[in-house]
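Accompanying notes for the structure given below.
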Amino acid sequence: MRTNPEPDPTNASQKRGRLDPLTPLIKRHLRFGWWSLLVFLTLGIVLEALHGFKVGLYLNVSNETRRLMWTLAHAHGTLLALVHIAFGATLHLIPSWNVRLRDLASASLVGASTLIPAGFFLGGVVIYAGDPGLGILLLPLGAVLLFVAVLLTARGAESLLNPDGVEPSTEAKGRDAAKPKAHR
Ligand code: HEM
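For the sequence shown, position 122 matches number 121 in numbering that gives the first Met the number 0, and the numbering has no gaps at all.
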């Protein structure tokens, strides 16, 4: 009877072993980034149309706050979408990043890029003379999450210069443990 062949630790399986744990996270950020770029570019097109048709709701001097809020929603949404793409592209460069901190950075970035543009946009839906609406209260929370995400990512990126200075991720430890022992 034939038995299953020995697992091949070379080539494809080694490559898979190195990238597999990160791949879903990279995919999530690239997808989030490209889709939200599309959403906020579309908001830019809508703003352009409001200019084109000289819509008072957006352009009247009395609605200056709304125009500022929606412009800021568009600008922050597009720029944060690009940050997601940069984050996704960075992840595979720091495979030794502590998993817990990496996941916290990822979740904080998703939270920030939802709350910041949403806060600006909702703040412009109902305005009180020169003041934005209550939606703007989402903004400080989003700002804290963005600060956390960028701080953790900057710290994680330090391992690019000093790969031994960062605690190995549990995934990396698991990979090392799974490696076949060399025959003596
Ligand atoms: C990656 C792509 C984009 C980025 C990073 C971006 C960024 C920005 C920024 C930073 C502003 C604020 C400028 C200021 O007030 O000084 C702005 C305003 C604006 N953007 Fe974009 N934009 C992008 C794409 C687009 C596209 C595709 C359109 C539509 C054709 C568009 C339409 C507008 C309009 C109409 C304003 C002015 C809104 C106003 O003042 O009433 N943007 N954008």
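Ideal Cβ placement from N, Cα and C applies to all residues, glycine included.
Next item on the list: Could you tell me which of Leu159, His50, Pro20 sits nearest to Arg66, measuring between CA atoms?
Entry: In terms of CA proximity to Arg66, His50 leads the group Leu159, His50, Pro20.
Next item on the list: Please list, following the chain, all residues that have a C-beta closer than 6 Å to any non-hydrogen atom of the ligand HEM.
Entry: For the ligand HEM, residues qualifying as neighbours are Leu40, Gly43, Ile44, Leu46, Glu47, His50, Arg66, Thr70, His73, Ala74, Thr77, Leu78, where qualification means a beta carbon closer than 6 Å to at least one of its heavy atoms (chain order).
Notebook entry, point to check: Rounded to the nearest angstrom, how far is the Cβ of Val124 from that of Gly134, given a contact under 8 Å?
Noted result: About 7 Å; that satisfies the 8 Å criterion.
Notebook entry, point to check: What residue from Ser112, Leu56, Phe39, Met68 has the CA that sits closest to Leu140's CA?
Noted result: With distances taken between Cα atoms, Leu140 lies closest to Ser112.
Next item on the list: Leaving aside the five residues before and after Phe86 along the sequence, list all residues of the same chain whose C-beta is less than 7 Å from its C-beta, in chain order.
Entry: If the five residues before and after Phe86 are omitted, its C-beta is found closer than 7 Å to the C-beta atoms of His28, Leu108, Thr152, all from its own chain and listed in chain order.
Next item on the list: Could you tell me how far apart the beta carbons of Gly32 and Leu71 are, in whole angstroms, since I believe they sit closer than 8 Å?
Entry: Actually they do not touch by this definition, with Cβ atoms about 19 Å apart.
Note to self: If the criterion is Cβ atoms closer than 8 Å, does the pair Ile93 and Ala156 meet it?
What the structure shows: In this structure, Ala156 lies closer than 8 Å to Ile93 by Cβ.
Notebook entry, point to check: Can you name the start and end residues of the alpha helix (DSSP H) that Trp96 belongs to?
Noted result: Annotation: Trp96 is outside any alpha helix (DSSP H) and is labelled neither H nor E by DSSP.
Notebook entry, point to check: When the Cα of Leu100 is compared with those of Val149, Phe119, Ala88, which residue comes out closest?
Noted result: Measuring from the Cα of Leu100, the nearest candidate turns out to be Val149.
Note to self: Taking 7 Å as the cut-off, is the beta-carbon of Ser95 closer than that to any non-hydrogen atom of the ligand GTP?
What the structure shows: The ligand content of the structure shown is limited to the ligand HEM, which means the ligand GTP is not among them.
Margin query: Between the alpha carbons of Pro20 and Thr89, how many angstroms are there, rounded?
Written below: CA-to-CA, the gap between Pro20 and Thr89 works out to about 14 Å.
Next item on the list: To the nearest angstrom, report how far apart Leu137 and Phe52 are at their CA atoms.
Entry: The straight-line gap from Cα to Cα measures roughly 30 Å.
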